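So the structure is just underneath, and the comments pick up after that.
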Amino acid sequence: MDLSSSSIAILVVLGVAGFFVGNFMAARPKAQESRVADFRLMARKMGIYPKLIARPEWLSDTLKALRPPKADPYARTDTSVPMIAQYTVMMDELKLPLAHYRAIDGRWQLLDQQIHTPKMQRQVSKIDGTVIDLPASIASYALGLSIKANHISLYWLDDSYQHSYKAYKLDNQQAEADLSHLKQQLMAWARSVNDGMSASSDEPEDRKLW
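Going by my numbering, the first residue of the sequence shown is number 11, and it counts up by one from there.
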């Protein structure tokens with residue numbers, strides 16, 4: 011079948027247009043990625059500082075339990091460290107000891123670590139075993155918690171928040187309520203540990219465990 015020059019020109023134009031449209035569609039962020047980005051931006055505006063970090067070693071088992079690696083006998087061994095979200099609230103008036111907690115069965119479990127004084131032990135034990143009182147959409151993906159100096163951080167899988175394969179936008183009203191709850195609860199936990207320091211400030215020096 012012979013094609014006229016005009017038909018060839020039309021086919022060329024359609025081919026080029028299809029190429030550019032295909033590239034544009036491929037370059038567009040997925041709906042879930044857009045929701046996560048909007049959620050992180052909202053958190054920052056509310057005084058919660060999110061960032062992606064390489065999964066700390068002390069959260070390795072917790073992450074595997076929550077998101078088991080895919081079993082593929084033909085896949086190459088992946089030695090890279092997965093990324094997780096860290097959401098931090100800073101409170102200048104706090105002086106917190108360093109402590110890490112893992113999310114175990116809906117409660118915070120204090121990790122075994124070197125505690126130098128009974129006072130510090132009493133402080134970090136304040137939230138050991140407490141219920142992870144967060145919105146279910148956050149608590150279900152919580153991995154761990156850390157405190158140090160003037161900040162407290164939640165480690166979790168924020169890419170699972172309001173997860174859907176459909177092109178839904180972020181439910182801003184629900185997200186704002188969940189983030190407000192998260193911030194207030196993080197501050198409450200931090201203050202609980204900090205208050206433990208005040209309650210034991212009169213402890214004799216000779217009781218320190220060096």
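All C-beta atoms, glycine included, are put in the ideal place defined by N, C-alpha and C.
Model, not experiment: these values are computed from the prediction.
- By the beta-carbon neighbour count (other beta carbons within 10 angstroms, threshold 16), Gln133 is buried.
- Between the alpha carbons of Ser135 and His173 lies a gap of roughly 34 Å.
- Close CB contacts of Thr98 within its chain, under the 6 Å cut and outside five residues either way in sequence, are with Tyr59, His161 and Ser163 (chain order).
- With a cut-off of 8 Å on Cβ pairs, the segment 96-114 is in contact with the segment 47-66, counting three or more such pairs.
- Non-local beta-carbon contacts of Gly139 in its own chain, meaning distances under 6 Å to residues more than five positions away in sequence, involve Arg117 in chain order.
- When only Cα atoms are considered, Ile157 and Ala75 end up about 23 Å apart.
- Per the DSSP secondary-structure output, Pro60 pairs in a beta bridge with Tyr97.
- Three or more beta-carbon pairs drawn from the segment 98-112 and the segment 59-72 are found closer than 8 Å, and the two stretches are therefore classed as touching.
- Residues Leu167 of the same chain have their beta carbon placed closer than 7 Å to that of Arg77, with the five preceding and five following residues left out of the count.
- Between Pro107 and Lys176, the alpha-carbon positions lie close to 43 Å from each other.
- Secondary structure at His191: helix, using DSSP grouped into helix, strand and coil.
- In this chain, Ile114 is not harboured by any alpha helix (DSSP H); it is covered by the beta strand (DSSP E) spanning Leu106 to Ile114.
- Restricting attention to Pro92, Met56, Thr127 and Tyr151, the CA atom closest to the CA of Asp115 is found in Tyr151.
- Our two residues, Pro66 and Ala41, have alpha carbons roughly 28 Å apart in a direct line.
- Residue nearest to Gln195 within the set Leu155, Lys129 and Asp181 is Leu155 (criterion: CA-CA distance).
- Per DSSP, reduced to three states, the secondary structure at Val141 is strand.
- Taking the Cα of Pro92 as reference, the smallest distance to any Cα among His191, Asp71 and Thr127 is reached at Asp71.
- Taken through DSSP and simplified to helix, strand or coil, Lys158 comes out as strand.
- Between Tyr165 and Leu69, the CB-CB gap stays under 8 Å.
- For Arg45, no beta strand (DSSP E) segment is defined; the enclosing uninterrupted segment is the alpha helix (DSSP H) at Ala41 to Lys55.
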